[in-house]
Amino acid sequence: MVIGAILSLLVIIGGFTGQEPIDNAAITENNPAIESEIEQESAEVEPENSETSPEKEVVDAAETEAEAENTAEDLADIEESNPDAIISESPQAPIFEGYRLIEVDGGDLSGHREANVVVDIGFGDREYWAFTNEYGQLVKVIADVIVLQDESKEPVTSKGRYYHDEAKVPGTEASDLDEGHVIADSLGGVANAYNITPQNSTLNRHGDQAYMEKVIRDAGGCTDFVAIITYPDTKTQIPSHYSFTYTLMGNVINDEFDNVNPDEVNAAINEESSDVIVPPSNVSSSVVITSLDKKAEYIIIKNTGNQAINLSGWRIRSVRGDQNFTFPEYLLEANASVKVGDSAKNADVDFHWLDGRGTWNNSESDPAELYNTSGELVDRFDD
């Protein structure tokens, strides 16, 4: 800039003095230092869109790599401080370790199951997780919360089903086996093979399975649900045993039963055991109602005799509301008691019984009556 100004000034002076104009080329030709400075000044005013020098490209690449490393470190910090953000996209919680998460339509009627997978079998937004072993057998189902079916808001059939049929798991073609839900439609379960096992039809419709489902429905749902399903070998898809654990109003309940016809088992027990008695009236008179707490919703029945008595088919009646509880298979030992009532209010009940909002009338007289299988009144408790 300074050299250019001096040259311009000399041209002006030369014009006033009558001298010939100064030749810039001649000056710079004879003075390489001046030429170099002029070229440097020209380079400084080159357009901004000129090509980037190799040195600048190297710097930019280094900066980009550093930014990428910082981003990776930031993501690692996020994953460590907020694992839920990762789980919500692809579940990696400890319960899923060793299993591959797959999606299966709830109405898929195929009986095929993949090995070592986990599937959500909850209808709608419910999260019920089903697990298979290395043989494709359904071995475990878990749910933090069981949410009951809402037929007023959910698409269900006239029979209370989400789908018109259930998955055809191998074994369900047998005449005495149902396509049994691990988590029933009424409890929000779907109908694909990851929620269906071949289950004895009597057990499924009238036995312990049906009873357990009713208990959960009556309580309005449950929490911490875990089903463990076992098999006699690694080839069959027909379970041999079921174990259910769940929590109702803070009370942990465990139901265990074999995959058999309970009526046939009970009949065999009655035939083989001389201690199991279907009592005549004079024997059943030893069975009495010892306690009735209408507010806490429970009743206690005791066998005061010296012989065990089979209460299967016996019935407890709430007189005012004409509400009835019928015992499933149950052997009441000599000098033993059985407690029947609302499991949500009582942690130690042997059988859950709650009709509607309450079985017993708290404000008015509501006696309890006990009937045997012959329909005979065995005992009455007047409150």
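Residues in the sequence shown are numbered consecutively from 1, following the UniProt record's numbering.
Positions of the beta carbon are idealized from the N, C-alpha and C atoms, including for glycine.
How is the alpha helix (DSSP H) around residue i delimited, first residue to last?
i	result
glutamine 323	Taken as a continuous stretch (DSSP letters only), glutamine 323 belongs to no alpha helix (DSSP H), being part of the beta strand (DSSP E) at 323 to 326.
histidine 164	Here histidine 164 belongs to no alpha helix (DSSP H), and DSSP marks it neither H nor E.
State the CB to CB distance for the pair residue i and residue j, rounded to an integer number of angstroms; the pair is presumed to be in contact (CB under 8 Å).
i	j	result
aspartate 197	proline 232	In the sequence as presented, aspartate is not what sits at residue 197; that position holds threonine. In fact, because the Cβ distance is near 13 Å, the residues do not count as touching under 8 Å.
tyrosine 371	glycine 341	Tyrosine 371 to glycine 341, Cβ: 18 Å. No contact.
valine 260	asparagine 204	With a Cβ gap of about 11 Å, valine 260 and asparagine 204 do not count as contacting.
serine 318	threonine 373	About 19 Å; that fails the 8 Å criterion.
isoleucine 228	serine 243	4 Å
phenylalanine 381	tryptophan 353	Phenylalanine 381 to tryptophan 353, Cβ: 15 Å. No contact.
leucine 109	alanine 167	5 Å
asparagine 195	glycine 189	5 Å
aspartate 165	alanine 191	7 Å
Is residue i helix, strand or coil by DSSP?
i	result
aspartate 243	In the sequence under discussion, the amino acid at residue 243 is serine, which differs from the aspartate named in the question. Reduced to three states, the DSSP call for serine 243 is strand.
arginine 380	strand
leucine 203	helix
proline 170	coil
phenylalanine 351	strand
alanine 26	Because the pLDDT at alanine 26 is just 46, under 50, the model does not fix this residue reliably, and the value given afterwards should be weighed accordingly. Correct three-state label for alanine 26: helix.
proline 198	strand
serine 291	strand
alanine 227	strand
leucine 248	strand
glutamate 368	According to the sequence as given, residue 368 is alanine; it is not glutamate. Three-state DSSP puts alanine 368 in a strand.
isoleucine 309	strand
alanine 76	The predicted model places alanine 76 with a pLDDT of 47, which falls under 50 and marks its position as unreliable, so this point remains unresolved.
isoleucine 87	Note that isoleucine 87 scores 33 on pLDDT, short of 50, meaning its location in the model is unreliable; the coordinates nonetheless yield the value given after this. Three-state DSSP puts isoleucine 87 in a helix.
Locate the beta strand (DSSP E) running through residue i, then write down its first and last residues.
i	result
lysine 140	138 to 146
isoleucine 216	Here isoleucine 216 belongs to no beta strand (DSSP E); instead the alpha helix (DSSP H) covers 208 to 218.
residue 388	In the structure as shown, the chain starts at 1 and stops at 383, and residue 388 therefore has no counterpart that could be examined.
tyrosine 128	128 to 132
histidine 181	177 to 181
serine 318	315 to 318
phenylalanine 257	251 to 258
aspartate 120	117 to 120
valine 340	337 to 341
tyrosine 372	Per the sequence shown, the amino acid found at residue 372 is asparagine instead of tyrosine. Per DSSP, asparagine 372 belongs to no beta strand (DSSP E) and is neither H nor E.
lysine 302	298 to 303
Indicate whether at least one CB of chain D lies closer than 9 Å to the CB of residue i.
i	result
phenylalanine 257	Absence of chain D from the displayed structure is noted, only one protein chain being present.
Using 8 Å as the cut-off, can you tell me whether the stretch 116 to 126 makes contact with the stretch 143 to 155, which would need three or more C-beta pairs spanning the two stretches below that distance? yes
Count Cβ pairs between the stretch 208 to 224 and the stretch 248 to 263 that sit closer than 8 Å; are there 3 or more? yes
Any contact between the stretch 204 to 215 and the stretch 175 to 189? By contact I mean 3 or more CB pairs, one from each, below 8 Å. In this structure the stretch 204 to 215 lies against the stretch 175 to 189, because at least three pairs of beta carbons, one per stretch, are closer than 8 Å.
Tell me, please, whether the stretch 284 to 293 touches the stretch 321 to 330 by the rule of three or more beta-carbon pairs shorter than 8 Å. no
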